[in-house]
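Residues -22 to -1, 1 to 437, numbered by mature numbering (1 follows the signal peptide of the UniProt record, and there is no 0), are exactly what the sequence shown covers, in order.
One structure is given here, and the rest of the page talks about it.
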Amino acid sequence: MRIYLKIAFSLTLFLFSAEVISQEEQKVIQIDSQDDLGNVDDAFQEYFFEALKQKAIENHEKAINALIKCLAIDASNAAVFLELGKNYNALEEYEEARTYLEKARTAEPENEAVLAELYQTYFLNNQFKEALPVVEELAAVNAGFSEDLANLYVINKKYDSALQLLNELDEQWGNSSYRNMLRNQIYAKTGNIDAHIQDLERKIEEDPKEEQNYLNLIFVYSEEGNTDKAFEVAKKLQEMNPASELVHLALYKFHLTDEASEEAVNSMKIIFRSEEIDMETKFKVLNDFLIYVSQNPELEEELVEVVKLFSEDEENPKLYGKLGLFHLEINKKAQALKFFELALLGEIKDFTLLKHTLSLQLELKRSQEAKQLSERALENFPSQPLLYLFNGTALNQLGEFTEAEEMLTFGLDYLIDDLPMELEFYRQLEVAYSGLKNHKKAAEFRKMAAELEKETIDE
């Protein structure tokens, strides 16, 4: 019968982007196993196959009971020990599983199915030290477990053994992203930078067209503060592949550091046009550029030009929103509003973006736009009092006092425990009633605003 053993590995890899990426990889191993019952009587077979039936329908307790009856007939049957181990594993009773599987291992030391199940038991119970000798035996009879063994060497901090095995596997099977992850994890844990550099240089020599090795080496040098070496590797990659887009993920940083603005912008344009580079990475590059532009305001036009490269991308609204926040932080409100409005062309359901946009529209006396936008926003957020306040304020600015009074009064009904917003509602209602020549009501809300303002100050 076929047994499928699934072991989940959680590995850490330091990639060029300077992020630590956590990757879970599921490894599926197929093992051929025969349940050799030996010479047994009918009662034994009946109990054994009853156990298999109960296990198949996940009734593991009944399966165990049937297997215990088998042991009463034959107390040393390895197949029974194995099945008991499987059922106890399914119940997550790992100590019981281990007990029976170790008995099966003693009876049949080279039984691959027994070793595989015992490996699973130790691994699932986080007993990695105990799992190691089991997997060493497994890898000796089935090379498919060699990477499992390398992983366990890493977990058990046997880094030299892990590296030796990984190198042997690379020689036998070629390069592997999984083994590269293990190797990078070792270098990260040990801080053996020289070995890491030598390994990457060896890989570049063996396969000079593999870009990731260059990028990883650039990252290692950059982390060590050796920017000259990192830049040298980046130029080497560009010479090897002049059409490389990934190399500009390194080059733009070097150009920014050297204040080579034109070269930095050119590299970023390549990054932003690239279909090979994911949007999250592009956002990080944009953030770096925003910081640079804040220190070099003469490059603002270049910033706008760079952003236009995203004009056909579905993530474009998010980018315009980032640019709006950038200009808002440096107190360029008209520019910020322009980008916020561009962002809203594609996304009317972002409430934070709506708040920024409406606030600036009202502050800059773009009253008609604020009226229209707040009306559209209320279609999506009909119970948000802030939108009623924005709309009422815009109507007041336009001299539409009747509509303003109606909207503000309606919005107050949605307001709960927000004194600053309540104060603004009262102030705008005073404006509306003053515009309507209802001086009594205006005075009433002026008094309410004054009392609430005093209450707010006292708190």
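All C-beta atoms in this analysis are idealised placements derived from N, C-alpha and C, irrespective of residue type, glycine included.
The C-alpha of residue 128 is placed about 7 angstroms away from the C-alpha of residue 144. Between residue 349 and residue 374, the beta carbon gap of about 10 angstroms keeps them out of contact (Cβ cut-off 8 angstroms). Residue 43 and residue 66 have their alpha carbons spaced roughly 12 angstroms apart. Taking C-beta separations shorter than 6 angstroms and ignoring five residues to either side along the sequence, the partners of residue 225 in its chain run 212, 215, 216, following chain order. Ranking 137, 364, 310, 206 by CA distance to the CA of residue 231 puts 206 first. By the neighbour-count criterion, in which 16 or more other beta carbons inside 10 Å mark a residue as buried, residue 53 falls on the exposed side. For residue 273, the enclosing alpha helix (DSSP H) stretches over residues 257 to 273. Separation of residue 432 and residue 237 (C-alpha to C-alpha, rounded to the nearest whole angstrom) is 53 angstroms.
In summary, residue 251 is exposed, with fewer than 16 beta-carbon neighbours lying within 10 Å of its beta-carbon over all protein chains present.
Look at residue 139 here: in three-state DSSP terms it is helix. DSSP places residue 206 inside the alpha helix (DSSP H), whose first and last residues are 205 to 218. The Cβ-Cβ distance between residue 335 and residue 318 falls below 7 angstroms. Annotation: the continuous alpha helix (DSSP H) that includes residue 196 extends over 189 to 201.
Annotation: residue 117 to residue 155 spans about 20 angstroms, alpha carbon to alpha carbon. Out of 142, 151, 101, 149, the CA that lies nearest to the CA of residue 161 is found in 142. If you ignore the 5 residues before and after residue 407, its C-beta comes within less than 6 angstroms of the C-beta of 386, 423, all in its own chain and listed in chain order. In this chain, the alpha helix (DSSP H) harbouring residue 112 covers 106 to 119. If you look at residue 364, you'll find it in the alpha helix (DSSP H) that goes 363 to 375. By the neighbour-count criterion, in which a residue is buried when 16 or more other Cβ atoms sit within 10 angstroms of its Cβ, residue 371 is buried.
In this structure, the straight-line span from the alpha carbon of residue 302 to that of residue 309 is close to 10 angstroms. Put simply, the backbone Cα of residue 56 is about 19 angstroms away from that of residue 40.
By the Cβ criterion, the region 386 to 398 is in contact with the region 353 to 367, since at least three pairs of Cβ atoms, one from each stretch, lie closer than 8 angstroms. Residue 123 is a Cβ neighbour of residue 113, given a cutoff of 7 angstroms. Comparing C-alpha distances from residue 79 to each of 99, 69, 70, 68 shows the shortest one belongs to 99. Cβ atoms of residue 199 and residue 164 stay farther apart than 8 angstroms, at about 18 angstroms.
Taking 8 angstroms as the upper bound for CB-CB distance, residue 195 and residue 182 are in contact here, some 7 angstroms apart. Given a length threshold of 4 residues, each whole run of the alpha helix (DSSP H) inside the region 370 to 409 is given here in chain order: 379 to 390. When only Cα atoms are considered, residue 22 and residue 47 end up about 8 angstroms apart. From the listed residues 256, 307, 379, 298, the smallest Cα separation to residue 269 is found for 307.
Comparing alpha-carbon positions, the option among 188, 391, 381 lying closest to residue 409 turns out to be 381. In this structure, residue 82 sits near residue 59, with a CB-CB distance shorter than 7 angstroms. Per DSSP, the continuous alpha helix (DSSP H) segment holding residue 172 begins and ends at 171 to 184. Counting other Cβ atoms within 10 Å of its Cβ, residue 233 reaches 16 or more and is therefore classed as buried. Straight across, the Cα-Cα distance linking residue 222 with residue 242 is about 16 angstroms. Counting the other CB atoms within 10 Å of its CB gives residue 346 a total below 16, which places it among the exposed residues. Contact check for residue 61 and residue 45: beta-carbon distance about 6 angstroms, within the 8 angstroms limit, so the pair qualifies.
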